[in-house]
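Heads up, the sequence shown is in the working numbering, so the first residue is 79 and it goes up one at a time. Notes for the one structure printed next.
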Amino acid sequence: MDRRLIDVEDLRDYCPMCIQLLRFSDDYDALYCATCNEWVEVTCDDPTCEACERRPEKPLDECGNERHRSAE
């Protein structure tokens, strides 16, 4: 087990399930954990928010690459 000390103020930067550093998706304006392949932020209630409306179920594809919105 990787034993690290994390400052309590920095906890928001780490996954609550596996304690790995979170990543940010510019395409979907949300934080995710690459280890768990899960979004850590819920989608918003704004019906005009394209980032939330088109956000995939998982942030990473089968190869472990970040999913990006396709150009329209």
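Beta carbons: idealized from backbone N, C-alpha and C, even for Gly.
Coil, strand or helix - residue i by DSSP
i, result
"R90", "helix"
"V135", "The residue asked about is misnamed: residue 135 is Glu in this sequence, not Val. Residue state, collapsed to three classes: coil."
"E140", "coil"
Rounded separation between residue i and residue j - CA only
i, j, result
"R147", "Y106", "8 angstroms"
"E131", "L83", "37 angstroms"
"D85", "A108", "22 angstroms"
"I97", "R133", "23 angstroms"
"L138", "E87", "27 angstroms"
"G142", "R81", "25 angstroms"
"Y92", "Y110", "9 angstroms"
When the options are compared against residue i, the one with the closest alpha-carbon
i, options, result
"S103", "A112, I97, C122", "A112"
"K136", "V118, D88, D85, P125", "V118"
"C114", "L100, R90, D91", "L100"
Residue(s) in a DSSP beta bridge with residue i
i, result
"C111", "E116"
Residue-level contact to chain D via CB, residue i, 8 angstroms cutoff
i, result
"P125", "Considering every chain present, this structure includes no chain D. It has just one protein chain."
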